Amino acid sequence: MTRRPRRAAHAPWALLVCVLSFVTGCAYPVRNQPAMVISDTHGYQFAKLEPSAAKDTLVIVTLSGGGTRAAALGLSVLRGLDKIALPNGETLAAEVDVISSVSGGSVTAAFFALAGRDGFKRLEDDFIRKDGMTPLLFGFFNPVGLVRFATPGQERIDLLIDYLNKQLFDGKTYQALIEQKRRPFLILNAADMVEGVPFPFTQRKMDLLCSDLSQMPLATAVAASAAFPVALSPVTLKDYSPCAAQKDPWPPLRVSVNIDKPGTPPQDSLWYDNPPRATLGRTEYAYALGNNSVRTQRKLYIHLLDGGIADNLGIFEPYRMLTTRDTLPSFLGQIDTGKIKKLIFVMVNARSFAPLGLDENQATPGILDMLLASISSPIDRATTGTANQLRQLLFDEFRQLALADPKKEAIYHALAENTALISVDFDAIVDEDCRRKYHSIPTSWSLEAKQVDAVLAVGQALFASDPKFADLLKLTGGTVTAPLPSVDEVCKLW
Numbered sequence: 023m024t025r026r027p028r029r030a031a032h033a034p035w036a037l038l039v040c041v042l043s044f045v046t047g048c049a050y051p052v053r054n055q056p057a058m059v060i061s062d063t064h065g066y067q068f069a070k071l072e073p074s075a076a077k078d079t080l081v082i083v084t085l086s087g088g089g090t091r092a093a094a095l096g097l098s099v100l101r102g103l104d105k106i107a108l109p110n111g112e113t114l115a116a117e118v119d120v121i122s123s124v125s126g127g128s129v130t131a132a133f134f135a136l137a138g139r140d141g142f143k144r145l146e147d148d149f150i151r152k153d154g155m156t157p158l159l160f161g162f163f164n165p166v167g168l169v170r171f172a173t174p175g176q177e178r179i180d181l182l183i184d185y186l187n188k189q190l191f192d193g194k195t196y197q198a199l200i201e202q203k204r205r206p207f208l209i210l211n212a213a214d215m216v217e218g219v220p221f222p223f224t225q226r227k228m229d230l231l232c233s234d235l236s237q238m239p240l241a242t243a244v245a246a247s248a249a250f251p252v253a254l255s256p257v258t259l260k261d262y263s264p265c266a267a268q269k270d271p272w273p274p275l276r277v278s279v280n281i282d283k284p285g286t287p288p289q290d291s292l293w294y295d296n297p298p299r300a301t302l303g304r305t306e307y308a309y310a311l312g313n314n315s316v317r318t319q320r321k322l323y324i325h326l327l328d329g330g331i332a333d334n335l336g337i338f339e340p341y342r343m344l345t346t347r348d349t350l351p352s353f354l355g356q357i358d359t360g361k362i363k364k365l366i367f368v369m370v371n372a373r374s375f376a377p378l379g380l381d382e383n384q385a386t387p388g389i390l391d392m393l394l395a396s397i398s399s400p401i402d403r404a405t406t407g408t409a410n411q412l413r414q415l416l417f418d419e420f421r422q423l424a425l426a427d428p429k430k431e432a433i434y435h436a437l438a439e440n441t442a443l444i445s446v447d448f449d450a451i452v453d454e455d456c457r458r459k460y461h462s463i464p465t466s467w468s469l470e471a472k473q474v475d476a477v478l479a480v481g482q483a484l485f486a487s488d489p490k491f492a493d494l495l496k497l498t499g500g501t502v503t504a505p506l507p508s509v510d511e512v513c514k515l516w
C-alpha cells in the first residue's frame with residue numbers, strides 16, 4: 023500500500039508567516055524620520071506656542087509613571103486645576119505652560135496637550151475606565167499575533183501603540199500640536215536603555231539625531247515613555263547624524279560646553295563638578311556625532327524604554343529648562359527682565375508601594391519575583407522625597423544666580439518668595455490603612471471601577487490639602503469654583 027506523504031501540521035502557519043513577511047518586509051520598523059531643516063524656530067518649539075493669559079506666571083505640571091493609576095491621578099489633578107478660576111476669566115488648567123510626564127502619566131499629558139480640557143471625559147471613558155490589559159495580551163497570544171510578532175517588522179511595543187491610537191490619538195502626530203499653537207508645551211520622557219539617562223521627546227533633543235519630531239506619532243512617543251522593560255520591547259530611533267541640515271558649529275555649543283576639552287587633566291573634569299551634567303553632555307555629544315567615521319564607537323540607534331528608569335517624576339527636563347538659557351524663549355531671560363514673576367510647579371507622583379508578601383515568608387523569592395522587584399523597585403521608590411529635593415535644588419540655583427549678578431538679587435529673591443511647589447503623593451495620606459490601599463493599587467493598564475473612582479477623587483484632595491495650596495491661590499488670585507474633596511472624604515470611599 024502506497025502511503026501518501028503527510029502534510030506538515032504547521033504548513034498554514036508557515037504560509038501565513040510568508041505572507042506577513044512579504045507584506046511587512048523583514049526590516050525593523052522605522053519610528054522616526056530625518057530632518058530637512060534644523061533651526062531654533064523650526065518644528066515643535068515652546069516659542070511657537072501662544073502664551074497663556076497669565077503672562078507673568080509660569081505654570082509647570084509633571085506627571086509620574088504608574089500605568090492607569092498614574093493616568094487617573096494626573097487627570098484628577100488637572101480637573102482640580104480646572105476648578106480654580108482666575109481673574110482673567112480662565113481656569114488654572116488653561117494656563118499650564120509646560121506638562122512633562124513619564125509612562126502612564128504620559129497618556130494623560132499627551133491627550134491634555136492634544137485635546138485640552140474638552141478631552142477630560144474621553145480620556146476617562148475611553149482609556150482610564152477601559153480594560154487595556156485584555157486587548158494587549160490577546161493581541162500577542164492569539165495565533166495571528168504570534169505569527170505577526172515572528173517577523174522583524176512588528177514588535178511588542180506595537181500592541182501598545184495600536185491601542186493608544188485606537189482609544190485616544192487617532193494616528194495624530196506632533197504636527198497636530200504645532201498647528202494648534204496652544205500651550206501646554208508637551209514633554210514626554212523615555213529613558214535611553216544603554217546610557218541610562220532621560221530622553222525627552224523635544225525637537226531640541228531630536229535635532230541631535232537629525233530627526234523631525236513633527237512627523238512622530240504621539241502614540242509612539244507615549245508608548246516609548248511607557249515601554250515597561252521585558253513586557254514591552256523598546257522603541258528604537260535611528261540616529262541620522264551627521265546630515266546636511268546640521269549647521270556649523272556642530273555639535274552645537276549647548277552640547278559642547280558640557281564636554282571636557284581635549285587635554286583636560288582628569289582632576290579638572292566636569293564630572294567632578296556636576297556628574298549629571300557631564301553624563302548627559304557626553305550622551306548628547308554622542309547623539310550629535312552619530313555615525314561619524316572618526317569615532318571608534320558610533321551611535322546608530324537609540325533604544326528607548328520606560329522613562330521611569332531614569333526619572334519617574336518627569337522633572338529632569340523642566341528643571342533643565344528653568345536653570346539653563348538654551349530654551350527659546352529662555353525662562354531665565356524672562357525672569358531676568360521681570361516677565362516671569364511667579365512660578366507654580368505641580369508634581370504628581372503616583373508611585374506604588376504594593377505589599378508583595380515576600381517579607382512575611384521565609385521561602386526564597388522566585389525568579390519572577392526577583393525580576394519584577396529589580397525592575398519595579400527602582401522606578402517606584404526612587405521618587406521618594408524628590409519634591410523636597412527639587413525645592414532645594416531650584417532655590418539653591420536661584421541663590422547662585424543672584425550671587426553671580428547682584429543686580430538680579432532682588433529679582434530672584436522675589437521669585438523664590440512667589441513660588442508655589444505643590445506635591446501630590448499618596449505618601450501624604452496620614453491614615454495608614456488609607457495610604458496602604460492607595461499604594462496597593464496595581465501598576466497595570468486595567469483597574470477596577472472602584473479603584474478608578476478613588477484615584478479620580480484623591481488627586482484633587484491631595485492637591486487641595488498641600489500646605490502650599492493657599493499660596494497658589496494667593497499668587498494666582500484664583501478662587502475655587504467647585505468643591506474639592508478632603509483626604510478624609512476620599513479615604514471613606516472604600
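23 is the number of the first residue of the sequence shown in the working numbering; add one for each residue after it. No residue lacks a Cβ here, since even glycine has one placed at the ideal position from N, Cα and C. Values in this document were obtained by computation on a predicted structure and should not be read as measured data.
For residue 221, the uninterrupted beta strand (DSSP E) run begins and ends at 220 to 223, by DSSP. Taking all protein chains in view, the Cβ of residue 122 is crowded by 16 or more other Cβ atoms within 10 Å, so the residue is classified as buried. If the five residues before and after residue 234 are omitted, its C-beta is found closer than 6 Å to the C-beta atoms of 55, 57, all from its own chain and listed in chain order. Under the DSSP definition of a beta bridge, residue 103 lacks any partner.
Beta-bridge annotation (DSSP): residue 325 is paired with 258.
Within the model, the alpha-carbon separation for residue 139 versus residue 115 is close to 8 Å. Sequence-distant Cβ neighbours of residue 468 in its own chain, meaning closer than 6 Å and more than five residues away, are 153, 154, 155. Residue environment analysis places residue 422 among the exposed positions, since fewer than 16 neighbouring C-beta atoms fall within 10 angstroms of its C-beta.
DSSP lists 107 as the bridge partner or partners of residue 113.
Secondary structure at residue 216: coil, using DSSP grouped into helix, strand and coil. In terms of CA proximity to residue 256, 323 leads the group 314, 194, 304, 323. Cβ neighbours of residue 348 within its own chain (closer than 7 Å, five residues either side excluded): 276. Judged by pairs of C-beta atoms under 8 Å, the segment 350 to 358 does not touch the segment 444 to 451, as fewer than three such pairs exist.
Taking the CA atoms as reference points, residue 466 sits about 11 Å from residue 248.
For residue 343, the uninterrupted alpha helix (DSSP H) segment begins and ends at 338 to 345. A check of alpha carbon separations from residue 282 across 193, 455, 301 identifies 301 as the nearest. For the options 174, 371, 60, 191, the alpha carbon positioned closest to that of residue 229 is the one of 60.
Under the rule that a run must span 4 or more residues, the alpha helix (DSSP H) segments found entirely inside the segment 113 to 140 read 126 to 137.
Shown here, residue 187 sits in a helix according to DSSP, grouped into three states.
Relative to the Cα of residue 251, the nearest Cα in the group 335, 325, 265 belongs to 325. Secondary structure of residue 268 (DSSP, three-state): coil. Sequence-distant Cβ neighbours of residue 108 in its own chain, meaning closer than 8 Å and more than five residues away, are 75, 76, 114, 117, 498, 499, 500. Counting the other Cβ atoms within 10 Å of the Cβ of residue 503 gives fewer than 16, which makes it exposed. With distances taken between CA atoms, residue 80 lies nearest to 367 out of 163, 367, 508. Contact annotation, residue 195 with residue 239: C-beta distance approximately 5 Å; criterion of less than 8 Å satisfied.
Distance from residue 481 to residue 87 at the Cβ level is roughly 15 Å; contact not present, criterion being Cβ atoms closer than 8 Å.
With three or more CB-CB distances shorter than 8 Å, the segment 332 to 342 counts as touching the segment 412 to 426.
Secondary structure note for residue 445: its beta strand (DSSP E) is the uninterrupted segment 441 to 447. Excluding five sequence positions before and after residue 103, the CB atoms of its chain that fall closer than 6 Å to its own CB belong to 114, 115, given in chain order. Counting along the chain, residue 83 sits inside the beta strand (DSSP E) bounded by residues 79 to 85. Nearest Cα to residue 489 within the set 441, 511, 128, 513: 441. Only buried fits residue 437, as 16 or more other CB atoms lie within 10 angstroms of its CB. For residue 494, the enclosing alpha helix (DSSP H) begins and ends at 491 to 498.
When the Cα atoms are used, residue 311 and residue 253 turn out to be separated by approximately 32 Å. The DSSP-derived three-state label of residue 458 is helix. Distances from the CA of residue 321 to each of 273, 67, 231, 332 were compared; the closest alpha carbon is that of 231.
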